[in-house]
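Student: Below you will find the structure I want to go over with you.
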Amino acid sequence: MTRMLQNPFFDRPAEVVARELLGCVLCVRVGEKIERHIITETEAYVGPHDLASHASKGRTARTEVMFGRPGTIYMYLVYGMYDMLNIVTGEAGYPAAVLIRGVGKWNGPGKLTKALGITRTLNGQSVGKKVGLWVEEGETMVSSEQIESTPRIGVAYAKEWAEKELRFVLRR
DNA sequence: ACGATGATGAAC
DNA sequence: TTCATCATCGTA
């Protein structure tokens, strides 16, 4: 009896959602099968003032989906090679999102999307069974002691925002 | 330590 | 239209 995370779960600050996603289950339909993997690492991109966030550039063709409803899938290509999976958080019109950096045995945001076949075609869609990508509640309770927080990866350009501890890792 | 590889946003 | 940059990763 697992519950699929709905809109209200994502309609909260990115930092809160990023923490609470740890231990939850990323579900991906691949062909006839459903792959389920525990989310182990996330990063929060908290708003337009966050210099590490794409949304700090304002509303552009790319960032438009970050301004969408909570639970919208935001995907983009980095370094010409890797699809990054994010879920938009907070109310519509406020750009914030959580980057999924690790699930199950995969560490690294580019590795997990490649392994599970998650691509930019999902950009702008809402998480859910219809699009074959959703998140379910975890089986076990995650305590705050199990969550390690660190600065985010690969955002050295973001001045004072580079140092903020907005990356969260589930200890095992 | 470095190159692959292509979209993005800003400058020109 | 060009140009520097980039929420990464495998190989060396």
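The opening position of the first sequence corresponds to residue 154 in our numbering, with each subsequent residue numbered one higher.
Glycine residues also receive a C-beta, built at the ideal position from the N, C-alpha and C atoms.
Treat the numbers as computed from the prediction; the structure is a model and nothing was measured.
Would you check if the distance between the CB atom of leucine 174 and the CB atom of isoleucine 300 is smaller than 8 Å?
Tutor: Numbered from its first residue, the first sequence carries residue 174 at position 21. Numbered from its first residue, the first sequence carries residue 300 at position 147. Not in contact: leucine 174 and isoleucine 300 (Cβ atoms no closer than 8 Å).
Student: CB phenylalanine 220 to CB glycine 246, shorter than 8 Å?
Tutor: Position 67 of the first sequence, counted from the first residue, corresponds to residue 220. Position 93 of the first sequence, counted from the first residue, corresponds to residue 246. Yes, the Cβ-Cβ distance between phenylalanine 220 and glycine 246 is below 8 Å.
Student: Compare the Cα-Cα distances from threonine 216 to each of Pro248, Lys267, Pro223, Lys258 and report the closest residue.
Tutor: Position 63 of the first sequence, counted from the start, is the residue given in the question as residue 216. Nearest of Pro248, Lys267, Pro223, Lys258 to threonine 216, Cα basis: Pro248.
Student: What are the start and end residues of the beta strand (DSSP E) that includes leucine 323?
Tutor: Here residue 323 refers to the residue found at position 170 of the first sequence. First-last of the beta strand (DSSP E) with leucine 323: 320–323.
Student: Using CA atoms only, rank isn't needed, just tell me which of Ser209, Val231, Phe162, Met237 is closest to glutamate 196.
Tutor: As a position in the first sequence, residue 196 is number 43, starting the count at 1. Taking only the C-alpha atoms, the option nearest glutamate 196 is Met237.
Student: Unbroken beta strand (DSSP E) runs of length 3 or more, entirely within the stretch 190–240: which are they?
Tutor: Counting whole runs of 3 or more residues, the stretch 190–240 contains the beta strand (DSSP E) stretches 226–231.
Student: What distance in whole Å lies between the Cβ atoms of valine 181 and threonine 323, which are believed to be in contact at a cut-off of 8 Å?
Tutor: Here residue 323 corresponds to residue number 170 of the first sequence, with the count starting at 1. Here residue 181 corresponds to residue number 28 of the first sequence, with the count starting at 1. According to the sequence provided, residue 323 is leucine. The question's threonine does not apply to it. Actually they are not in contact, since the Cβ atoms of leucine 323 and valine 181 sit about 19 Å apart, beyond 8 Å.
Student: Tell me the DSSP secondary structure of serine 296 in three-state form.
Tutor: Working through the first sequence from its first residue, we reach residue 296 at position 143. Serine 296: coil per DSSP, three-state reduction.
Student: With distances taken Cα to Cα, identify the nearest neighbour of threonine 225 among Ser297, Ser279, Pro304.
Tutor: Counting from 1 along the first sequence, the entry for residue 225 is found at position 72. Out of Ser297, Ser279, Pro304, Ser279 has the C-alpha closest to the C-alpha of threonine 225.
Student: Return the first residue and the last residue of the alpha helix (DSSP H) that proline 170 is part of.
Tutor: For the purposes of this step, residue 170 is taken as the residue at position 17 of the first sequence. The amino acid at residue 170 is misidentified as proline; the sequence shows valine. 167–174 is the extent of the alpha helix (DSSP H) around valine 170.
Student: Nearest-angstrom Cα distance between glutamate 313 and leucine 265?
Tutor: As a working mapping, residue 313 is identified with position 160 in the first sequence. As a working mapping, residue 265 is identified with position 112 in the first sequence. So the two alpha carbons sit approximately 29 Å from each other.
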